[in-house]
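Chemist:
Numbering (our numbering), first residue to last: 4 to 212.
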C-alpha cells in the first residue's frame, strides 16, 4: 500500500527542501544529503543494494537545478553537478525523512533539554566546546572537551560516521559552522547547542589551574 503523497513542496533557503505530506507530517531535507542518497542505478547497485556512490565525493556546494514530477509517485532532481538520473519516489523520501520522530538526526540545532537527555543516556556523546581555552577552563558543560577549528577538523576523520557530536559556544556562528562541516563529511548525527552555553540548564565544571 502506497504511503502519503506530498501536499506541498518548496525550497527553504539555499540548502533545504521542505515537503508537507498529506497526513500533516513535514520533512525538511538537506539537499546535499539527498544528492548523496540518490537511489538511481548509477549510485546504487540494483541487485545487491550496495551503494556505488562515495558520498564524500559529493561537494557541499551541490544544489538542485530543477525538480520535476514523475507521474503521481516520484520526483526527478536535476543537480548542479550534472547528475540527472535520480528518481526519488515519495515512499523513498518519506522513509528518508530526517526528523527525529522518524529516527533521523533532525535539525542542525539541538535544544538544551534535548542535549541533557542525550548526555544522560547510555550513548557516548562527543561534546566539543569551541570557545577559547580560557573560557573553557572557566566553566564547561560536564564532559565537554575544548576543540578549536583545527582540532575539530583533525578529530573528524577519527570518528565513526554514526557518532553523536554536539558543538557549543557562547551565542555565535562557530558551532553551527562546525556542525555543518561535520554533517557534510558524513557524520549526520551532529548538532550545535541552540543559544550556546548561556542556555545550558545544568551546572558547569571548572578546570582548576
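Idealized CB from N, CA, C, for every residue including glycine.
Put residue 37 into one of helix, strand or coil per three-state DSSP.
Modeler: Secondary structure at residue 37: helix, using DSSP grouped into helix, strand and coil.
Chemist: From residue 65 to residue 37, what does the alpha carbon distance come to, in whole angstroms?
Modeler: The alpha-carbon atoms of residue 65 and residue 37 are separated by roughly 10 Å.
Chemist: Quick one: what does DSSP say residue 181 is sitting in, helix, strand or coil?
Modeler: Helix, per DSSP.
Chemist: At which residue ranges does the segment 8 to 54 contain complete alpha helix (DSSP H) runs of 4 or more residues, listed in the order of the chain?
Modeler: 34 to 39
Chemist: Give the straight-line distance between the Cα atoms of residue 201 and residue 88, rounded to the nearest whole angstrom.
Modeler: 47 Å
Chemist: For residue 4, which residues from the same chain have a beta carbon less than 8 Å from its beta carbon, with the 5 sequence-adjacent residues on both sides left out?
Modeler: Because the pLDDT of residue 4 is 48, which lies under 50, any placement of that residue in the model is unreliable, and the number read from its coordinates should be weighed accordingly. Within the same chain, residue 4 has no close Cβ partners at all.
Chemist: Note down, in chain order, each residue of its chain lying with its Cβ closer than 7 Å to the Cβ of residue 187, except the 5 sequence neighbours on either side.
Modeler: 35 and 63
Chemist: Mapping the DSSP letters down to three states, classify residue 159 as helix, strand or coil.
Modeler: helix
Chemist: What is the DSSP secondary structure of residue 126, reduced to helix, strand or coil?
Modeler: coil
Chemist: Within a Cβ cutoff of 8 Å, which residues of the same chain sit near residue 53, ignoring the five residues on either side of it in sequence?
Modeler: When the five nearest sequence neighbours on each side are left out, the beta carbons in the same chain lying within less than 8 Å of the beta carbon of residue 53 are those of 47, in order along the chain.
Chemist: Count the CB pairs spanning the segment 68 to 78 and the segment 151 to 166 that are closer than 8 Å, and state whether there are at least three.
Modeler: no
Chemist: Quick check on DSSP: helix, strand or coil for residue 136?
Modeler: Helix, per DSSP.
Chemist: Candidates 76, 39 and 113: which alpha carbon is nearest residue 167's?
Modeler: 113
Chemist: In the DSSP output, what is residue 77 paired with across the bridge?
Modeler: 73 and 92
Chemist: Taking the straight line between their C-alpha atoms, what separation do you get for residue 51 and residue 41?
Modeler: 16 Å
Chemist: Given 8 Å as the limit, is there contact between the segment 131 to 149 and the segment 165 to 179, that is, 3 or more CB pairs closer than that?
Modeler: yes
Chemist: Give me the residue from 151, 179, 197 and 189 with the minimum Cα distance to residue 56.
Modeler: 189
Chemist: Count the other C-beta atoms from every protein chain shown that fall within 10 angstroms of the C-beta of residue 125, then say buried if there are 16 or more, exposed otherwise.
Modeler: exposed
Chemist: DSSP on residue 167, reduced to helix/strand/coil?
Modeler: Strand.
Chemist: Residue 96 and residue 32: beta carbons closer than 9 Å?
Modeler: Yes.
Chemist: From residue 165 to residue 10, what does the alpha carbon distance come to, in whole angstroms?
Modeler: Using only the alpha carbons, I get a separation of about 32 Å.
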